[in-house]
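K.L.:
Shown below is the structure under consideration.
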Amino acid sequence: MRRFSAMLAAVSLFILSGGASRARDGEALRVCLNEQAPPYSVRHNGEGAGFDLAVAEALAKQLGRPLEVQWFETRLEDDVSGTLDANALLSDGRCQLLAGYPLTEDGLGKPGAESARLPDFDGLKPADRRRRIVLGTLQPSKPYHYAALTIVLGRDAPDKPVNGIGDIDGLRIGVEGGTLSDTILMTFGEGRLIDHIAHFVPGRDDFWSSFERGDFDAALIPVHQFDAYRANYPDTKLRATGYVYPVGFNIGFVRLAGDSRLMSEVDAALASLLARGEIAGLAASAGMTYLPPRQPAVRKHFLLSDLKGP
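Just so you know, we're using numbering that gives the first Met the number 0 here: the sequence shown kicks off at 0 and counts up by one.
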């Protein structure tokens, strides 16, 4: 989930409702979770953790049903689509709901491809690597949190309020190439920041070590990525500004079309958990900055005109 559109992750939710819930009593709630997406979901030495896992556990408890997690791995190749991975897992019946999913129009509905291969998942057999899965139509749940970008300052940056991109003009800026952050910074003010930007290759260059050393002063990065970094390096000299870029997207659960009763239960559970403040509490326990969902629930296409925030 290096890229912002894939950053951030979707989760699945589900609630008891009258006779429908009684009919399903005792049936496991099967949720797919990415094992490489901290602080949303992560698995190490067989032990799972993270915000999405905690939400799925809270949901299963409310339903009175056991939770069954299907762990899968992110594929980082440039030609691999997280949308197709999610669809393949759901279409193959590996889970009913998938967590860590961005609610954007491009990633929902019927995909352009008719079939796709499965990503690596817990329990994968050699024959699974050769199979192509006929894909279905993806439908979203009600969102339960919001993924956004924030500005982070380095140790040598001036200690001043940051209320917009323009406030880092004149500072040395670092960014991973090909990301949403890169597009925003390169186009801001008709390119007025270009001469101050250093680009890093995702997965190859050591962006965070360079930032920590003071090789640059500021960065525009996904909020959850900085949360994950601080969890690993609590003594970091990098500083959060609290600024949130005005363009982002909601995160929610995703499922295959066809079971409207399931999603009505998911949405009812999600509304209940949100109203009681439980989801925000789970985020705090996971060391994650919580941003509540925003309207519209599903974001339309990102346009260049959308990226002219303050």
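Don't be surprised by glycine CBs; every beta carbon is placed ideally from N, CA and C.
1. With a threshold of 7 Å on Cβ separation, who are the neighbours of Asp91 within its own chain once the five nearest residues in sequence on each side are excluded?
2. Going by the beta-carbon positions, is the gap between Glu46 and Ser40 smaller than 8 Å?
3. Looking at Leu28: is its Cβ nearer than 8 Å to the Cβ of Leu62?
4. Distance, Cα to Cα, Leu273 vs Gly280?
5. Kindly identify the DSSP beta-bridge partner or partners of Ser40.
6. Count the other CB atoms, across all protein chains shown, that sit within 10 Å of the CB of Ile164; report buried if there are 16 or more and exposed otherwise.
7. Using only alpha-carbon positions, find the residue among Ala268, Asp258, Ala230, Asp266 that is nearest to Ala311.
8. What ranges does the alpha helix (DSSP H) occupy inside the region 236–275, keeping only unbroken runs of at least 4 residues that lie completely in it?
9. Pull up the distance between the alpha-carbon of Asp166 and that of Phe215, whole angstroms please.
10. Mind pulling the alpha helix (DSSP H) runs of 4 or more residues that sit fully within the region 80–167?
11. Below 7 Å CB to CB, which residues in the same chain sit around Ser180 once its five sequence neighbours on both sides are set aside?
12. Below 7 Å CB to CB, which residues in the same chain sit around Cys94 once its five sequence neighbours on both sides are set aside?
13. Could you give the uninterrupted runs of the beta strand (DSSP E) lying entirely in the region 194–242, keeping only those of 3 residues or more?
14. Which one of Glu67, Arg154, Gly190 has the shortest CA to CA distance from Ser209?
P.N.:
This is what the structure gives:
1. Sequence-distant Cβ neighbours of Asp91 in its own chain, meaning closer than 7 Å and more than five residues away, are Leu117, Ile132.
2. no
3. yes
4. Roughly 10 Å separates the two Cα atoms.
5. Ala36
6. buried
7. Nothing about residue 311 can be read from this structure; the chain reaches only from 0 to 309.
8. 259–274
9. 15 Å
10. 81–90, 125–129
11. Phe3, Leu148, Val174, Leu219, Ile220
12. Arg29, Val30, Cys31, Gln69, Leu88
13. Qualifying beta strand (DSSP E) stretches, in chain order: 196–199, 217–221.
14. Arg154
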